[in-house]
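Residue numbers (UniProt numbering): 1 to 214. The beta-carbon is built from N, C-alpha and C at its ideal position, and this holds for glycine as well. Here the structure is a predicted model, which means the values were calculated and not measured. Here the structure is laid out as structure tokens; the discussion comes afterwards.
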Ligand SMILES: Nc1ncnc2c1ncn2[C@@H]1O[C@H](COP(=O)(O)OP(=O)(O)OP(=O)(O)O)[C@@H](O)[C@H]1O
Ligand SMILES: Nc1ccn([C@@H]2O[C@H](COP(=O)(O)O)[C@@H](O)[C@H]2O)c(=O)n1
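Right under this line is the structure:
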């Protein structure tokens with residue numbers, strides 16, 4: 001019987017990684033880390049100090065100050081912070097510092113669920129189960145808009161879709177740890193799956209992998 005379980009969830013912007021990862025962490029009673037927040041935290045620190053986003057050493061210095069246990073999702077969820085995060089995420093020095101912290105989190109004796117862009121490829125290449133979650137850009141933009149509207153905000157679907165596509169292009173196109181499925185990842189397209197159906201499909205993938213390993 002396996003006593004330690006590491007689950008890696010990767011995928012493009014607004015594919016539902018965080019939503020799924022959180023549900024899986026509850027289901028399998030594992031600690032959960034949204035690694036995107038760590039890149040957002042670095043960006044937020046630079047923005048709040050009026051520091052430029054294009055200086056690798058400065059960004060790496062701020063990365064050293066990130067405390068994974070004290071990241072405030074609500075504060076970091078601004079669109080502008082996500083954009084800035086994807087700019088500093090291209091820097092190898094920043095990635096090195098954050099990946100070390102993320103790996104330490106994944107070393108929890110129980111295991112962990114981590115979501116991001118490079119979990120299955122770089123942070124936890126030996127994860128027990130890797131899921132690459134995706135959905136069409138149109139569906140992702142519709143979900144993002146619904147989320148904004150549910151919070152009382154407004155947005156333009158076309159603009160959101162273009163932003164999502166631009167973010168995906170930057171994340172997939174960078175030289176260090178680009179967004180891509182690990183060779184042994186299970187692909188899960190949720191374009192036509194609601195949250196419950198996506199969760200059920202992911203649990204089936206995980207339970208099958210656990211059965212095969214036991
Ligand atoms: N299968 C699904 N069906 C419908 N809505 C979904 C589904 N999965 C996630 N959502 C919704 O889509 C939105 C984006 O999901 P979420 O924030 O989990 O994505 P993400 O991949 O973590 O985003 P980011 O790239 O910003 O980290 C949320 O409003 C969430 O409730
Ligand atoms: N493992 C990761 C996680 C995130 N990033 C970068 O951070 C940006 C913001 O991430 P969100 O998931 O919170 O939207 C994202 O666009 C990536 O550039 C990363 O590089 N690696």
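>> Going by DSSP in three states, residue 28 sits in which element: helix, strand or coil?
In response: Coil.
>> With H, G and I counted as helix, E and B as strand and the rest as coil, what does DSSP make of residue 215?
In response: Summary: the structure shown does not reach residue 215, with the chain confined to residues 1 through 214, and so no result is reported for it.
>> Which of the three DSSP states is assigned to residue 130 in this structure?
In response: Strand, per DSSP.
>> Which complete beta strand (DSSP E) runs does the region 158–212 hold, if anything under 3 residues is left out?
In response: For the region 158–212, whole beta strand (DSSP E) runs of length 3 or above, ordered along the chain, are 186–189.
> Just to check, is the beta-carbon of residue 194 closer than 7 Å to a non-hydrogen atom of ligand 1?
Replying inline: The answer is yes for residue 194.
> Taking contact to mean at least 3 C-beta pairs separated by less than 8 Å, is the region 103–121 in contact with the region 170–181?
Replying inline: Under the three-pair Cβ rule at 8 Å, the region 103–121 counts as touching the region 170–181.
>> Quick check: residue 144 and residue 131, are their CB atoms within less than 8 Å of each other?
In response: No. Outside cutoff.
> Any chance the region 123–130 sits against the region 71–87, with 3 or more Cβ pairs inside 8 Å?
Replying inline: The region 123–130 is not in contact with the region 71–87.
> Are three or more beta carbon pairs between the region 56–63 and the region 14–24 nearer than 8 Å?
Replying inline: In short, these stretches do not touch, since the Cβ pair count stays below three.
> Grouping DSSP H, G and I as helix and E and B as strand, with all else coil, what is residue 66?
Replying inline: Note: residue 66 maps to coil in three-state DSSP.
> Are at least three pairs of beta-carbons, each pair with one atom in the region 102–112 and one in the region 197–208, less than 8 Å apart?
Replying inline: Segment contact: the region 102–112 against the region 197–208, fewer than three CB-CB distances shorter than 8 Å; contact not assigned.
>> Taking the straight line between their C-alpha atoms, what separation do you get for residue 22 and residue 51?
In response: Linking residue 22 to residue 51 through their CA atoms gives a straight-line distance of about 33 Å.
> How many whole angstroms separate the CB atoms of residue 85 and residue 29, which I take to be in contact at a CB cut-off of 8 Å?
Replying inline: Between residue 29 and residue 85 the Cβ distance is about 29 Å, and since that is not below 8 Å, they are no contact.
> Out of 162, 87, 176, 3, which has the shortest C-alpha to C-alpha gap to residue 46?
Replying inline: Among 162, 87, 176, 3, the Cα nearest to that of residue 46 belongs to 87.
>> In whole angstroms, give me the CA-to-CA distance for residue 91 and residue 164.
In response: Looking at the two C-alpha atoms, the distance is approximately 20 Å.
> Is the beta carbon of residue 118 within less than 7 Å of some heavy atom of ligand 2?
Replying inline: Taking 7 Å as the cut-off, the C-beta of residue 118 counts as close to a heavy atom of ligand 2.
> What do you reckon, are the CB atoms on residue 123 and residue 96 nearer than 8 Å?
Replying inline: Going by C-beta atoms, residue 123 is not nearer than 8 Å to residue 96.
> Do you know offhand how far residue 216's Cα is from residue 157's?
Replying inline: Because the chain here runs from 1 to 214, residue 216 falls outside it and cannot be looked at.
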